[in-house]
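> Going from the sequence shown to the working numbering is simple: count from 1 and add 77.
Here you go, one structure.
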Amino acid sequence: MAKDTVVDPAARDKYLLQVTAGPSYDPSNHQPIPANGPHSTTIESPLVTCYLRVRIKDYHGLPHNSPPSSPYFDHPLHTSDRYSIAFSFVPKKPLAGNDIVLGFDYDHSIKHQLPPGFKYAMKIATSMLDPGLYSDAYSDEPYLYGPALSGLFTLNIGDMVRDVSASEQLAALEQATGGVVQEGATGSGQAIRSHFNIPDKWKKRRKHFLNADALRSFTFEEGRMYHADFFNPHLDFANFSLRLPGFSISVARYIDEK
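In structure tokens, the structure reads:
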């Protein structure tokens, strides 16, 4: 499907991506997130304080003066990736591991916008890429979710902020890896990984938390910082395409005025 791998430049200019984020679905509570910006954006909610960074390779969106890429994609672990949603967060109360999910949903049907081959693409995603995913894209309120502990590609457990402040931990991450989150733990977080028998390698950690008992037993502690990153080479925001093993789907032609 080579003809679908690159979007018509006219369509790309018609639909410009803008990244916003907030503590709820209400867009009036959202703030712009500078794609490929040098610093994280702080978002407060009743549950967590979150420090968010979004990187997109070959970014073509708003604001128009946004950097087209990020040094993140020069890191040896990420040369093939197309985007990253990285966030550090500090829970304001204990959060059960099986209550925290990663994904998206809509409050309206998108059946008329789904391209041919979408069911096959979802089968690949739920069987090969992330067996923890569950979804219904054809319902009136479609969704795709998976447990965060088995879905995140990197998870690093940090210190309690009463011992090492959030700003100090973020600065240490920037100094150590240029802000690239790597699997593991720092400080007292090492004892947490050991206590819950969390494997050191990211693939094994994801598999570990596909087990319902392991997922239920874990608690994100109040006042502890966690670092996470979700990335992959499959979503190409520059060409509005979904790249999966064996084929690519251009989604620009399926975007309507809604």
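Even glycine gets a Cβ: it sits at the ideal position worked out from N, Cα and C.
Because the structure is a prediction, the values reported are computed rather than measured.
Looking at the unbroken beta strand (DSSP E) that takes in H116, where does it start and where does it end?
Segment: none, H116 is in no beta strand (DSSP E) and carries neither H nor E.
> With L59 and Y160 assumed to form a contact (beta carbons below 8 angstroms), what rounded beta-carbon distance in angstroms separates them?
Since the first residue shown for the chain is 78 and the last is 335, residue 59 is missing from the structure and cannot be characterised.
> Once you ignore the five residues that flank S227 on each side, which residues in its own chain have a CB closer than 6 angstroms to its CB?
Excluding positions up to five away in sequence, the list reads G209, R283, F286, L287.
> Of all the options S242, F307, P224, which has the alpha carbon lying nearest to the alpha carbon of L172?
The candidate whose alpha carbon is nearest that of L172 is P224.
> In or out: P168 buried (at least 16 other Cβ within 10 Å) or exposed?
Buried.
> DSSP three-state label for A315, please.
The answer is coil: DSSP assigns A315 none of H, G, I, E or B.
> Just the Cα atoms here: how many angstroms apart are G138 and K281?
Computed Cα separation, rounded: 36 angstroms.
> Thinking C-beta only, is G235 closer than 7 angstroms to Q246?
Closer than 7 angstroms, so yes.
> Using a threshold of 7 angstroms, state whether the C-beta atoms of E218 and D240 are closer than that.
Not closer than 7 angstroms, so no.
> Between the Cα of N316 and the Cα atoms of Y102, Y136, L124, which residue gives the shortest distance?
The shortest Cα separation from N316 among Y102, Y136, L124 belongs to Y136.
> Following the continuous beta strand (DSSP E) through I162, name the residue where it begins and the one where it ends.
It spans 160-168 - the beta strand (DSSP E) in which I162 sits, taken as one unbroken run.
> Can you have a look at H272 and say buried or exposed, based on whether 16 or more other CB atoms are within 10 angstroms of its CB?
Per the 10 Å Cβ criterion, exposed.
> Taking only runs that begin and end inside the segment 248-290, name each unbroken alpha helix (DSSP H) of 4 or more residues, in chain order.
List check, alpha helix (DSSP H) in window: 266-272, 279-285.
> Within 10 Å of its beta-carbon, does H189 have 16 or more other beta-carbons around it, so buried, or fewer, so exposed?
Answer is exposed; the Cβ neighbour count stays below 16.
> In chain order, which alpha helix (DSSP H) runs of at least 4 residues are fully inside the segment 165-229?
Whole alpha helix (DSSP H) segments, 4+ residues: 195-201, 225-228.
> From F308 to K134, what distance separates their C-alpha atoms?
The alpha-carbon atoms of F308 and K134 are separated by roughly 11 angstroms.
> Span of the beta strand (DSSP E) holding R239?
No beta strand (DSSP E) holds R239; DSSP gives it neither H nor E.
> Just how far apart, CA to CA, sit Y220 and V178?
One C-alpha to the other measures close to 12 angstroms.
> Determine which residues share a DSSP beta bridge with V96 and list them.
BP columns for V96 are empty, so no partner.
> Using alpha carbons as the reference points, say which of V257, V238, L250 lies closest to E298.
For the residues V257, V238, L250, the minimum Cα distance to E298 belongs to V238.
> For the segment 118-161, list the beta strand (DSSP E) runs that are entirely contained and at least 3 residues long, ordered along the chain.
With a minimum length of 3 residues, the continuous beta strand (DSSP E) runs that stay inside the segment 118-161 are 118-121, 125-133.
> Taking the straight line between their C-alpha atoms, what separation do you get for D182 and P276?
If you take the alpha carbons of D182 and P276, they lie about 30 angstroms apart.
> Check each candidate in T203, D158, L191 and name the one with the smallest Cα separation from D306.
Ranking the options by Cα distance to D306, first place goes to D158.
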